[in-house]
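These notes concern the structure reproduced below.
Residue numbers (this note's numbering), protein chains in the order written: chain R, 58 to 318; chain X, 58 to 318.
So this is what it looks like as structure tokens:
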């Protein structure tokens, strides 16, 4: 291996190459940050879950792409570290942001085994933001982000967080609202929210944000309880002041607007 | 005025020009999305709070820039609409995301007075994500975003949300932790959090994210209570499992990591 690029990591140790953890945003190239694009351009190897690799592949045709299936996140991280440790600048890509249910945390955890590889976390536009923009402005006031996936979190804890967020009148953004094995989780979540929130609470869903087939829908919380979603959908539940303005979901921030019709 | 550009808004009405609400990210050009850059390139007029206009000005030297001081958000929005209504593609810029304590909501509220002007919300990387990436990965699990500004929200409601988020063990990101008039708000917030959370809870602050003078610091929650911050600081409070790994603040997602040292 040729010594390609010398630099120093935080501890002043010489290193050869770097591991970037890159949030690529919702999936369309346009929604990536310039920093994310430059990080991917800098790398020889791009590692990720198959679906996300397919989203970026055509924009970086000269790169080496490595994928692992879903549920093999730890293996995927070790694969990325092994590439970087072998001297190749490497990017681990995540949809949305690298630090919101992304690979940023597990990369830093595993990083203790690879002290010679410096890690740079590159943030991106997470679905709460990109989906919110499609619906209008549902997260203009305090909000909570909760994943309904109970693969690694007990349902009782998810439910406690739903109830706490509902009771304190947060706007709420739900990630992973359902999957094949969890067909009724959104319904269960709505039941938890309805303990403290009106049936008329303004809600919205956005599917395939920034990708082909993007689709937004508005509901009341009562209606949302009956909705079937999939793993490419993000769900928004307004706070008690959220309203529909000209077809958009808007949570007011509290500005006094004089002269408004 | 020449008819410059014809298109149709959502209701099929012919319009002349458009109002973009653009999240510019933390402030450095690199952290903008390609979509945000293209929206600003498309516009003749860029409107914003003076500080944010100064951040983008040199990258778009041929634009007309209009500013209003802080606290004049509604006037700023009407200024932007009046430009767009007069036939100029116009961008209202916001730091971070356009929909998180940004101008997206108030633009859509005021938009009922300007039905001929179509609005496009362009999301951006909010400080929870950009600051999180600087600290490590503090928001890898469910999290709440709370502003400590009581300009438009009663303190009792802010405190109730702090306590609810603490009790349900969310990671918490605090915006607007203090200002000249609110020197002790972060201290009061920490006191609310300490009702339910350990004094040893891992916390972090990031100042001037992505700008000159960027600075990150780690604290315990007990220490954070004594910290003086400013309006350019974002504060992160971990959940009960958040830890410091190799100097970074990391909230584990729950992956089983075999072979970890």
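All C-beta atoms in this analysis are idealised placements derived from N, C-alpha and C, irrespective of residue type, glycine included. All values derive from a computational prediction rather than experimental measurement.
Rounded C-beta distance between residue i and residue j? I'm assuming under 8 Å.
{"i": "residue 168 of chain R", "j": "residue 303 of chain X", "result": "6 Å"}
{"i": "residue 161 of chain X", "j": "residue 293 of chain X", "result": "Wrong, their Cβ atoms sit about 24 Å apart, outside the cutoff."}
{"i": "residue 221 of chain X", "j": "residue 249 of chain R", "result": "Between residue 249 of chain R and residue 221 of chain X the Cβ distance is about 14 Å, and since that is not below 8 Å, they are no contact."}
{"i": "residue 142 of chain X", "j": "residue 173 of chain X", "result": "7 Å"}
{"i": "residue 132 of chain R", "j": "residue 125 of chain R", "result": "5 Å"}
{"i": "residue 88 of chain X", "j": "residue 254 of chain R", "result": "Not a contact, Cβ separation roughly 35 Å."}
{"i": "residue 291 of chain R", "j": "residue 274 of chain R", "result": "No, residue 291 of chain R and residue 274 of chain R are not in contact; Cβ-Cβ is about 12 Å, not under 8 Å."}
{"i": "residue 257 of chain X", "j": "residue 277 of chain X", "result": "5 Å"}
{"i": "residue 246 of chain X", "j": "residue 208 of chain X", "result": "Incorrect: roughly 16 Å between the Cβ atoms, too far for contact."}
{"i": "residue 127 of chain X", "j": "residue 109 of chain X", "result": "Between residue 109 of chain X and residue 127 of chain X the Cβ distance is about 11 Å, and since that is not below 8 Å, they are no contact."}
{"i": "residue 394 of chain X", "j": "residue 182 of chain R", "result": "Because chain X is modelled from 58 through 318, residue 394 of chain X falls outside the range shown and cannot be assessed."}
{"i": "residue 156 of chain X", "j": "residue 184 of chain X", "result": "Actually they are not in contact, since the Cβ atoms of residue 156 of chain X and residue 184 of chain X sit about 13 Å apart, beyond 8 Å."}
Return no unless some Cβ of chain A is closer than 8 Å to the Cβ of residue i.
{"i": "residue 224 of chain R", "result": "Judged by its chain identifiers, the structure shown contains no chain A, and its protein chains are R and X."}
With H, G and I counted as helix, E and B as strand and the rest as coil, what does DSSP make of residue i?
{"i": "residue 227 of chain R", "result": "coil"}
{"i": "residue 107 of chain R", "result": "helix"}
{"i": "residue 314 of chain R", "result": "coil"}
{"i": "residue 81 of chain X", "result": "coil"}
{"i": "residue 170 of chain R", "result": "helix"}
{"i": "residue 76 of chain X", "result": "strand"}
{"i": "residue 148 of chain R", "result": "strand"}
{"i": "residue 177 of chain X", "result": "strand"}
Taking residue i as part of the alpha helix (DSSP H), name the residues at either end of that continuous run.
{"i": "residue 248 of chain R", "result": "242-251"}
{"i": "residue 191 of chain R", "result": "184-192"}
{"i": "residue 284 of chain R", "result": "Looking at the DSSP string, residue 284 of chain R is not in any alpha helix (DSSP H), and its letter there is neither H nor E."}
{"i": "residue 140 of chain X", "result": "130-142"}
Output the boundary residues of the beta strand (DSSP E) element that contains residue i.
{"i": "residue 273 of chain X", "result": "272-277"}
{"i": "residue 122 of chain R", "result": "121-125"}
{"i": "residue 201 of chain X", "result": "200-204"}
{"i": "residue 157 of chain X", "result": "Here residue 157 of chain X belongs to no beta strand (DSSP E), and DSSP marks it neither H nor E."}
{"i": "residue 114 of chain R", "result": "Premise fails: residue 114 of chain R is in no beta strand (DSSP E) and is neither H nor E."}
In chain order, what residues of the same chain have a beta carbon less than 7 Å from the beta carbon of residue i, not counting five sequence neighbours either side?
{"i": "residue 308 of chain X", "result": "194, 195, 196, 197, 198, 228, 295, 296, 298, 299"}
{"i": "residue 137 of chain X", "result": "76, 104, 147, 149"}
{"i": "residue 206 of chain R", "result": "233"}
{"i": "residue 24 of chain X", "result": "A question about residue 24 of chain X goes unanswered here, because the residues of chain X that appear run from 58 up to 318."}
{"i": "residue 301 of chain R", "result": "259, 275"}
{"i": "residue 171 of chain X", "result": "138, 142"}
{"i": "residue 242 of chain X", "result": "205, 234, 235"}
{"i": "residue 130 of chain R", "result": "160, 163"}
Tell me, please, which residues DSSP counts as bridged to residue i.
{"i": "residue 220 of chain R", "result": "Residue 220 of chain R pairs with nothing; no bridge assigned."}
{"i": "residue 262 of chain X", "result": "X:274, X:292"}
{"i": "residue 305 of chain X", "result": "X:302"}
{"i": "residue 102 of chain R", "result": "R:121, R:147"}
{"i": "residue 90 of chain X", "result": "R:90"}
If you drop the 5 nearest sequence neighbours on each side, which residues of the same chain put their C-beta closer than 8 Å to that of residue i?
{"i": "residue 61 of chain X", "result": "In this prediction, residue 61 of chain X scores a pLDDT of 36, lower than 50, which makes its location untrustworthy; the coordinate-derived value is nonetheless stated afterwards. 73, 74, 144."}
{"i": "residue 134 of chain X", "result": "149, 160, 163, 164, 167"}
{"i": "residue 311 of chain R", "result": "198"}
{"i": "residue 96 of chain X", "result": "77, 79, 148, 177, 179"}
{"i": "residue 305 of chain R", "result": "192, 193, 194"}
{"i": "residue 204 of chain R", "result": "158, 210, 215, 231, 232, 233"}
{"i": "residue 271 of chain R", "result": "191, 263, 264, 265"}
With a threshold of 6 Å on Cβ separation, who are the neighbours of residue i within its own chain once the five nearest residues in sequence on each side are excluded?
{"i": "residue 201 of chain R", "result": "222, 227, 229"}
{"i": "residue 85 of chain X", "result": "267"}
{"i": "residue 83 of chain R", "result": "187, 266, 267"}
{"i": "residue 288 of chain R", "result": "236"}
{"i": "residue 151 of chain X", "result": "80, 159, 160"}
{"i": "residue 140 of chain R", "result": "102, 147"}
{"i": "residue 281 of chain X", "result": "247, 260"}
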